[in-house]
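Colleague: For reference, the structure I am asking about is given below.
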Amino acid sequence: MPRFSIVVPSHGVAGRLSLALDSVLAQSFGDFELIAVCDGPAAPAAGVAADHAGRDSRVVLVHSPPSAGLGAARNAGTRAASGTYLLFLDGDDTLVPGALSALAARLEETGDVDVLYFEHERTPWWDGEPATTAGPPPVTVRAPAFSPAEAPHLTGVPLPAWSAVYRRSFVTGRGLAFPDGHRTDVGWGGLVAVAAERVAVLRRVVVRHLLRRQGSRLEGGFWLEWLRRHLWQPVFAALLAAGAWGALRRRGAFGLFVAATAFTGFLTQAAHPDITVWGERLIVLAWLLPVVGVPLLLERVVPRPAAGIPGPRTGSRPDEWSPVPR
Numbered sequence: 083m084p085r086f087s088i089v090v091p092s093h094g095v096a097g098r099l100s101l102a103l104d105s106v107l108a109q110s111f112g113d114f115e116l117i118a119v120c121d122g123p124a125a126p127a128a129g130v131a132a133d134h135a136g137r138d139s140r141v142v143l144v145h146s147p148p149s150a151g152l153g154a155a156r157n158a159g160t161r162a163a164s165g166t167y168l169l170f171l172d173g174d175d176t177l178v179p180g181a182l183s184a185l186a187a188r189l190e191e192t193g194d195v196d197v198l199y200f201e202h203e204r205t206p207w208w209d210g211e212p213a214t215t216a217g218p219p220p221v222t223v224r225a226p227a228f229s230p231a232e233a234p235h236l237t238g239v240p241l242p243a244w245s246a247v248y249r250r251s252f253v254t255g256r257g258l259a260f261p262d263g264h265r266t267d268v269g270w271g272g273l274v275a276v277a278a279e280r281v282a283v284l285r286r287v288v289v290r291h292l293l294r295r296q297g298s299r300l301e302g303g304f305w306l307e308w309l310r311r312h313l314w315q316p317v318f319a320a321l322l323a324a325g326a327w328g329a330l331r332r333r334g335a336f337g338l339f340v341a342a343t344a345f346t347g348f349l350t351q352a353a354h355p356d357i358t359v360w361g362e363r364l365i366v367l368a369w370l371l372p373v374v375g376v377p378l379l380l381e382r383v384v385p386r387p388a389a390g391i392p393g394p395r396t397g398s399r400p401d402e403w404s405p406v407p408r
C-alpha cells in the first residue's frame with residue numbers, strides 16, 4: 083500500500099497537465115501512486131496521462147465523464163486509490179520540490195491523523211511568480227496532533243481541497259465525497275474538520291496553485307452561478323417585492339397579474355436545478371416572506387382611510403385635496 087495517492091483531475095488543462103504530473107514524479111519521496119482522472123480515452127489529457135503511465139508504473143489512468151464535473155472526478159480518483167493518504171491536486175497546479183518528503187516526515191511526528199493541513203502558494207498565470215502564501219489559520223495548540231474542538235476556527239475557514247492530505251480510511255469510513263458540479267470546495271473544508279477526530283498542521287508550502295485570468299482556476303460556469311445566486315437572485319427578489327407591494331396596493335386585474343408573476347418567479351428560483359443544497363432552497367424561499375407576507379400583514383394591521391379624510395393631492399393648488407373613496 084503506497085503512502086500517498088495523488089488524485090489529479092485533468093478536464094480542460096491538457097496543456098499544463100505534464101507540469102502537474104512531472105512535479106509529482108520528480109519528488110524525492112517515491113512511495114506514492116499518481117491517479118490521473120481523464121474525461122475519456124479520446125480526451126486530449128488522456129494521451130498526456132498515458133504517455134506518463136508508459137514511463138512510470140506508479141501512474142494510473144481513471145475515466146470520469148466531463149459532464150459530472152470536478153467533484154465526480156475527485157470521487158472517481160478516491161475510489162481507485164489504494165494509498166494511506168489522499169492528496170487532491172488540480173491538473174494545472176504543481177507540487178513544490180520536497181513536498182511529499184515534508185508531508186511524510188510530519189506524519190511520522192503526528193501519527194496517522196485524519197487530516198494534515200499545509201500551506202500553498204498562489205501563482206498568477208501571467209508572470210509565473212508566487213504572489214501570496216496561504217494556509218490554515220494559526221493554531222495555539224502545542225501538541226503535534228489535536229482535536230478540531232481545540233481549534234474550532236478551523237471548521238469555519240473555506241480551505242480548498244488541495245490544502246491538506248486526508249487519511250483515506252477516514253474519508254471512506256465517514257462517507258465523505260465531493261458534490262457533483264463545480265462547487266467542489268464549498269463546504270468541504272468545514273465538513274472534513276467537523277468529521278475529523280485528530281488533525282495536524284504542516285507550516286510549509288506544498289502546492290503551487292495557478293491563478294487563471296478570471297482570478298481563479300474555477301471555470302466560467304462557476305462565476306455565472308455565483309452571480310446568479312449573489313447578485314441576480316437578490317435583485318430579482320427586490321424587484322418582485324416592489325411589484326407585489328404595488329399589486330396589493332392597486333388590486334384589480336393588473337395587480338393580480340403582478341402578484342402571480344412574483345409568486346411564479348419565486349417558485350422558479352426555488353426549484354432551479356442548480357440549487358442542490360436544501361439550505362440554499364430555504365434561503366430562496368425565505369425571500370418569499372417579505373414579498374407576500376409583509377404586504378399582507380400591513381394590509382391587516384394598517385387601517386385604510388375612511389371616506390372624507392384628506393387623501394393625496396390631486397389638484398394644481400397646494401390647498402386642493404381630494405377625498406379618499408370607500
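For the sequence shown, the numbering used here begins at 83 and goes up steadily by one.
Think of the CB as a built atom: it goes at the ideal place given N, C-alpha and C, for glycine as much as any other residue.
Since this is a predicted model, take the numbers as computed values, not measurements.
1. Nearest-angstrom Cα distance between F200 and A125?
2. Alpha carbon to alpha carbon, what distance is there between L189 and V195?
3. Can you tell me whether DSSP reads F252 as helix, strand or coil?
4. Any contact between the segment 131-138 and the segment 154-174? By contact I mean 3 or more CB pairs, one from each, below 8 Å.
5. Check the DSSP bridge columns for V281 and list the partner residues they point to.
6. Rounded to the nearest angstrom, what separates A227 and S149 at their Cα positions?
7. Tell me whether the beta-carbon of T205 lies closer than 8 Å to the beta-carbon of A282.
8. Could you compute how far the alpha carbon of R256 sits from the alpha carbon of A277?
9. Between V289 and L99, what straight-line distance do the alpha-carbon atoms span, to the nearest angstrom?
10. Can you tell me whether R280 is buried or exposed, with buried defined as 16 or more other CB within 10 angstroms of its CB?
11. From A244 to P261, what distance separates their C-alpha atoms?
12. What is the DSSP secondary structure of L169, reduced to helix, strand or coil?
13. For R224, tell me which candidate among S92, L284 and F252 has the shortest Cα-Cα distance.
14. To the nearest whole angstrom, what separates the beta carbons of S146 and V106, a pair I think is in contact under 8 Å?
15. Taking its Cβ as the centre, do 16 or more other Cβ atoms sit within 10 Å of S87, making it buried, or is it exposed?
16. Alpha carbon to alpha carbon, what distance is there between S139 and A233?
17. Determine the extent of the beta strand (DSSP E) in which H145 is found, giving its start and end residues.
18. Count the other CB atoms within 10 Å of the CB of D121; is the residue buried (16 or more) or exposed (fewer)?
19. Determine the contact status of D104 and P84, defining contact as a CB-CB distance below 8 Å.
20. Taking the C-alpha atoms as reference points, what is the distance between I242 and L171?
21. What does DSSP give as the partner residues of L116 in its beta bridges?
22. Between V89 and A102, which are expected to be in contact by the criterion C-beta below 8 Å, what is the C-beta distance as a whole number of angstroms?
23. So, at 8 Å on beta carbons, what are the nonlocal neighbours of P123 in its own chain, with the 5 sequence-adjacent residues on each side left out?
24. Among G94, A163 and L198, which residue has its Cα nearest to the Cα of V287?
25. Would you mind reading off the limits of the alpha helix (DSSP H) that contains L152?
Modeller: Once the coordinates are examined:
1. Looking at the two C-alpha atoms, the distance is approximately 32 Å.
2. Cα to Cα, V195 sits roughly 7 Å from L189.
3. Taken through DSSP and simplified to helix, strand or coil, F252 comes out as helix.
4. Contact between the segment 131-138 and the segment 154-174 is absent, because fewer than three Cβ pairs lie under 8 Å.
5. Bridge partners of V281: V197 and F228.
6. One alpha carbon belongs to A227, the other to S149, and they sit about 39 Å apart.
7. One thing to note: T205 has its Cβ no nearer than 8 Å to the Cβ of A282.
8. Each residue's alpha carbon lies about 7 Å from the other.
9. Looking at the two C-alpha atoms, the distance is approximately 15 Å.
10. Classified as buried, R280 has 16 or more neighbouring CB atoms from the shown chains inside 10 Å of its CB.
11. Note that residue 244 corresponds to Trp in the displayed sequence, not to Ala. When only Cα atoms are considered, W244 and P261 end up about 15 Å apart.
12. Looking at L169 - three-state DSSP - the assignment turns out to be strand.
13. Minimum Cα distance to R224 is reached at L284.
14. In fact, because the Cβ distance is near 19 Å, the residues do not count as touching under 8 Å.
15. Buried is the call here.
16. Their Cα atoms are separated by approximately 40 Å.
17. Looking at the DSSP string, the run of the beta strand (DSSP E) that includes H145 is V141 to H145.
18. With 16 or more Cβ atoms within 10 Å of its Cβ, D121 is classed as buried.
19. No. Outside cutoff.
20. Strictly speaking, residue 242 in this sequence is Pro, with Ile absent from that position. If you draw a straight line from the Cα of P242 to the Cα of L171, it is about 10 Å long.
21. According to DSSP, L116 bridges with I88 and V141.
22. Not really, about 11 Å apart at Cβ, beyond 8 Å.
23. Counting only Cβ-Cβ distances below 8 Å, and skipping sequence neighbours, we find H145.
24. Closest option to V287, judged by alpha-carbon separation, among G94, A163 and L198: L198.
25. Looking at the DSSP string, the run of the alpha helix (DSSP H) that includes L152 is G151 to A162.
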